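Participant: Pasting a structure here, questions to come.
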Amino acid sequence: MTSILIIGATFKSSNELKQAIAQVAIGKHYKIDITKSNQTRYIVKYCNNDFKWRLHASQSELASSNEFVIKTLVSKHTCIG
5 MTSILIIGAT
15 FKSSNELKQA
25 IAQVAIGKHY
35 KIDITKSNQT
45 RYIVKYCNND
55 FKWRLHASQS
65 ELASSNEFVI
75 KTLVSKHTCI
85 G
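If you read the sequence shown in the working numbering, its first letter stands for residue 5, the second for the next number, and so on.
So this is what it looks like as structure tokens:
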């Protein structure tokens, strides 16, 4: 399955981004924590600090845009089992 979460992926709104993250988390059985959530940034990570999966997205730099862009993604999931 190809992930919809890749660096540079653009979402029409923060809600669309959150739905995409939830879809992947449910599909891969990831338990994630929201590290930061505000009008311009959204950062999530795997709930256990021993596993390095994390994602950082921020609002597009275009002043008139509500789009969110994935800036950082550490997608290697190191959980065994």
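All C-beta atoms in this analysis are idealised placements derived from N, C-alpha and C, irrespective of residue type, glycine included. These numbers were taken from a predicted model, which means no experiment stands behind them.
1) Report the residue from N42, Y50, L77 and V78 whose alpha carbon sits nearest the alpha carbon of N70.
2) When DSSP labels each residue in this structure, what does Q23 get in the three-state scheme?
3) Consult DSSP for S62 and reduce its assignment to one of helix, strand or coil.
4) Nearest by alpha-carbon distance to Y50: which of D37, H60, S62 and A61 is it?
5) Just how far apart, CA to CA, sit S56 and V78?
6) Helix, strand or coil for H30 per DSSP?
Facilitator: Quick look at the numbers:
1) Closest option to N70, Cα to Cα, is N42.
2) Q23 sits in a helix when the DSSP states are folded into three classes.
3) In the three-state DSSP reduction, S62 falls in the strand class (E or B).
4) Considering only alpha carbons, the answer is D37.
5) The sequence shown places Lys at residue 56, not Ser. Going from the Cα of K56 to the Cα of V78 covers about 7 Å.
6) The amino acid at residue 30 is misidentified as His; the sequence shows Ile. The answer is helix: DSSP assigns I30 an H, G or I state.
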